[in-house]
Structure formats: structure tokens, C-alpha cells
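Heads up: the sequence shown at position 386 corresponds to 386 in the UniProt record's numbering, and the numbers run straight through without jumps.
A short worksheet on the structure shown next.
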Amino acid sequence: MNVVAIFDIGKTNKKVFLFNENYQIVWEKSVNLRETLDEDGFTCEDIVELKNWIVNRLAEMQALKEYFLKAINFSTYGASFVYIDENGKALTPLYNYLKEYPEVLKKEFYGKYKGEESFALKTASPVLGSLNSGMQIYRLKEENPDLFAKVKYCLHLPQYLSSLLTGKYFADITSIGCHTNLWNFKKMKYHKWIKKENIGDKIPPLHNAENTINVSGGIAVGVGLHDSSSAIIPYMINFTEPFVLLSTGTWSISMNPFNETPLTFDEMQYDCLCYLQYKKKPVKAARLFAGNEHEVQTKKLASHFGVPLDTYKQVLYDKKIISKLREINLKKYSSKVNKYKILRESPFGKRNLGDFENYEIAYHQLLLDIIAQQIISTQLVIHNSPVKKVFVDGGFSKNSIFMNLLAEAFPEMEVYAASMAQASALGAALAIHNNWNPKPIQNDLIDLKFYKH
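Okay, here's the thing in C-alpha cells:
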């Protein structure tokens, strides 16, 4: 059986899948690798461990007699660079994008390049410190010029992993175009600071994500994709009518590939940004820390009501509870709350759990509060665009309260819970389809469940 192998590397879970020609998963393995520490004692990915795990899984897959490995690709978290020397050896740890960024360096950088607002608008990158991966390059250059002089190439993680198999070095637009501070969205080319700071030569040439590099044994290897960009590929292939994808996990990310309006600085304050799809088309996206909020508050609820942590899984949508809670909220709270404040601060965090008769009612209120934030966040990317459908995937797509409240909040839209095994891995496989798979792509890759408002 012909298969494609996809390494799907998250910050916590590392997975590898084999897909057959019908894009069904026929084999998989996953692992949580121990983190290591960088020179400042900050936790980071252990690049050696990761490399060894990939090499071992490859050997294991190639030993499987029932599969014929035709192609390999990578989908990984972004915002992290590997700095290699001319022999392809990593010169530094893989710094964590959650690491504090030095304030002095940040001020100096934005001061040189027309200030935060103007720069952020050009690069569609809100000011996020180390999460703007281009700033990590700037930091290495400023703080450790001798080491930086030895750097041949700065590679985002997906492209580094691909290079381990191909020995070739490339950049990829989905990594470069995701809040990195590197790309000028107005001119659709690298921002001029890269040339001014003599960094341009250390970023390898861009490679089209649909093209592969052949390695020994005739295996086609892709250059890898940023996982958020990869996750939208199956939807782009399956649906032609304009839609918004609400991808839910720790973050709820509303993505609209059909919104052409340029980002405003105001939208950026609401955690709105743009990133580039593998076909170089911008996607407007808005982030909300909703999954994290759900986790924090359900722990509080479980401890307050003395019930197991996952009790919420048994709570089904109850219309009567919702209308009752809305009445109480109308009396108690003014609706003139600043949008920005709602997005920044959890309304539920301020509530007194003693006000709720039981767990079920309190949990309905938590979802009402999360949906109040979600509506504002998703509206940011729907605004001024021809979208008529909302697809929800990930954790919240299985939550009946969340789905019913969302459908009610967008009565003019068709709201669907979408389920598909491993969207980002599937996207990475589909991106290189023409290089390994003779069959046409089926149009039933995604299961949909419609929610009436």
C-alpha cells in the first residue's frame, strides 16, 4: 500500500502518521519528549531528542513490509528558529517563543523602524516579543555577534526538520508569513530591515510548499508547513464558498481566507493578525485564549462543587437554563462593557460561584461568557467579507452548549461542527498530493454536523 508519512510536531505532543491514498490514517505513533534548558535556564525543545525520535520513527516505518513509503512532509509549531552552520549543525538551543524579550532591545528595534504601530501594520505582526520569530534573529545578532557570524542559515522548525532528510535549505511562506516581523504584507516581500541588518543572506530561498525534493529510494520530501496554515488546507480544498474556520484548542483561532481588507492597528489590539497560506494568499485570523480559560474555570468548578474534573462532558445544552441566566444577567450587568475589556479579561473569573445552585447552571454560565468573547473575536475576521458558513473544529466542536450558542449568535450563517482526523497533518499531506498520489482528492474528507439557531 502506498503511503505518505507526516510528522506533526506540536509543542507538547509529537506525532507521526501514515496516510493511504484515500487519506485515511493507517498507522500512527506519538510521544511527549522531555524539554531541556537553554543557557539562561529557560525551558525549550530538546532538538537532539526530537531529531533522534524522527530518525528512529523513519527507520521503523521503512521496516514495515505492508507499506510503501512514497513521500514525507512536516507540520510543526512555528515561531522558533534553528540556527545552523555551513555543515548543517545546530549552533544554539531551539529557543522557546514564550521566553521574555529584553525591553531595551525591543525599544531600540522599533525605534529604528518607525515605531510599533507603523511596523506592526506593515508586517501584520502584533508586537509579541519572542513570538515574533524575526525578533529572535535580531536578538542573537545583537547579543552574540560572534556566534551569529558562524550562522549559515536561520531555519524555521518545519524547514529544519525537512533539511535533516534532504540536506537542502529553504524558507517557506507559511512560516515566514506568520507574525514573524519578517514579511511586508503591503509589498508582499521581505521587510527592508532584514537587508539593513545584514540578515537577508542568512535566510535561505523560499520554496513552494507544493513542490518536493527527491531523496534516495525515490521518496518525495516536502519542505514543511506551519501547523495553523496547514490545518486550513483540507477546508480550502473541500469548500469553495466563503467560510470562516474556528479552530479550537488551547487557543480558539478564527481564520478567514476570504477577507481581503487590510488589518487595522485597532484590530491588532484585539489579537487579530494576518498570516500567509501556502499559496501566498493572506488569511485574516483572530486569537482567543478560550480553551485555556475553559480549562482553568472547569478546574475551579470541579473543586467548588466537589465533582470530577471532566463532569462538563456530561452537561448537555439546556435552553431553559440559558434563558434564565440571560434574565439574571440583564438585571445584574450593564451591557455597555468595553469590547476590548471583555476580550482581555474573563467575565466568568469575576463571578461568585456561590450564586449558582448547581454545577450544571454554573457551567452553562461559563459557556455563555466564553461565547460572549468568541463572538467579538470571530466578528473581527467576518466583518466586511462574504462569509456564509462557520466551521468549528477541535475541542469545542464536540461541546453541545458551545455549538448551540454559537449558531444562535450568528443566525445569518450556517454553523457546522466539523470533524476530521488530524487537520494539520492531513493538510501537510494534501499540500504535496501531486508528488505521490495518483488518485483524485475525495470531497468527503470532512464530516459536518449542522447546528440550527
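Virtual Cβ for every residue (Gly too), placed ideally from N, Cα, C.
Residue i versus residue j - alpha carbon distance
i	j	result
residue 99	residue 390	34 Å
residue 329	residue 248	26 Å
residue 142	residue 163	27 Å
residue 76	residue 224	8 Å
residue 444	residue 123	36 Å
residue 242	residue 446	16 Å
residue 205	residue 280	15 Å
residue 394	residue 267	25 Å
residue 89	residue 301	49 Å
residue 403	residue 415	8 Å
residue 181	residue 129	10 Å
residue 176	residue 139	17 Å
residue 503	residue 23	As displayed, the chain neither begins before 1 nor continues past 453, which places residue 503 out of reach and without an answer.
residue 131	residue 125	10 Å
residue 161	residue 59	15 Å
residue 184	residue 86	28 Å
residue 380	residue 272	7 Å
residue 387	residue 259	9 Å
residue 371	residue 298	15 Å
residue 12	residue 101	22 Å
residue 71	residue 96	30 Å
residue 168	residue 310	46 Å
residue 349	residue 105	35 Å
residue 295	residue 231	23 Å
residue 41	residue 257	40 Å
residue 135	residue 308	43 Å
residue 456	residue 159	Past the edges of the chain, shown from 1 to 453, lies residue 456, and the structure says nothing about it.
residue 207	residue 408	43 Å
residue 55	residue 436	21 Å
residue 262	residue 384	11 Å
residue 319	residue 292	25 Å
residue 282	residue 65	42 Å
residue 456	residue 49	In the structure displayed, the chain extends from 1 to 453; residue 456 sits before or after that span and is not available.
residue 103	residue 127	12 Å
residue 39	residue 7	28 Å
residue 21	residue 439	7 Å
residue 94	residue 52	15 Å
residue 211	residue 304	54 Å
Sequence-distant residues of its chain with Cβ nearer than 6 Å to residue i (five each side left out)
i	result
residue 392	246, 417
residue 194	200
residue 9	76
residue 113	119, 193
residue 284	256, 259, 274, 381
residue 515	This structure cannot settle anything about residue 515, because the visible part of the chain is limited to 1 through 453.
Other residues of its chain near residue i: CB distance less than 8 Å, five sequence neighbours each side excluded
i	result
residue 316	400, 401
residue 265	117, 120, 121
residue 411	453
residue 27	3, 17, 18, 61, 64, 67
Whole-number beta carbon distance between residue j and residue i, since they are thought to touch under 8 Å
i	j	result
residue 166	residue 203	About 17 Å; that fails the 8 Å criterion.
residue 325	residue 364	6 Å
residue 522	residue 19	With the chain covering only 1 through 453, there is no way to say anything about residue 522.
residue 16	residue 91	So it is not a contact: roughly 27 Å between Cβ atoms.
residue 229	residue 270	That belief does not hold up - the Cβ atoms of residue 229 and residue 270 are roughly 21 Å apart, past 8 Å.
residue 209	residue 240	Not quite, the Cβ-Cβ distance comes to about 20 Å (not below 8 Å), so this is no contact.
residue 109	residue 156	Not really, about 20 Å apart at Cβ, beyond 8 Å.
residue 278	residue 219	That belief does not hold up - the Cβ atoms of residue 278 and residue 219 are roughly 20 Å apart, past 8 Å.
residue 322	residue 366	In fact, because the Cβ distance is near 12 Å, the residues do not count as touching under 8 Å.
Per DSSP, cross-strand counterpart(s) of residue i
i	result
residue 190	183
residue 215	219
residue 5	18, 72
residue 278	Looking at the DSSP assignment, residue 278 forms no beta bridge with any residue, so it has no partner.
residue 256	284
residue 416	391, 450
residue 27	18
residue 153	84
residue 247	253, 393
residue 226	76
residue 43	37
residue 273	285
residue 94	45
Chain-order list of residues whose beta-carbon lies under 7 Å from that of residue i (same chain, five-residue window excluded)
i	result
residue 46	33, 34, 35, 36
residue 237	430, 441
residue 148	140, 141
residue 154	81, 83, 137, 202, 203
Chain B within 8 Å of residue i, Cβ atoms only
i	result
residue 76	The chain labelled as chain B is not found in the depicted structure, where only one protein chain is given.
Legend entry - Inter-stretch contact (C-beta, 8 Å, three-pair minimum) for the segment 66 to 83 and the segment 422 to 433: Contact between the segment 66 to 83 and the segment 422 to 433 is present, with at least three C-beta pairs closer than 8 Å.
Inset, instruction - Would you check if there are 3 or more beta carbon pairs closer than 8 Å linking the segment 349 to 369 to the segment 299 to 316? - result: yes
Legend entry - Three CB pairs or more closer than 8 Å across the segment 246 to 265 and the segment 282 to 292: yes
Inset, instruction - Answer yes if the segment 186 to 197 comes into contact with the segment 218 to 234, meaning at least three C-beta pairs across the two stretches below 8 Å, and no otherwise. - result: Contact fails: fewer than three Cβ-Cβ distances are below 8 Å.
Inset, instruction - Spell out a yes or no on whether the segment 369 to 378 and the segment 340 to 351 are touching, meaning 3 or more CB-CB pairs, one atom from each, closer than 8 Å. - result: yes
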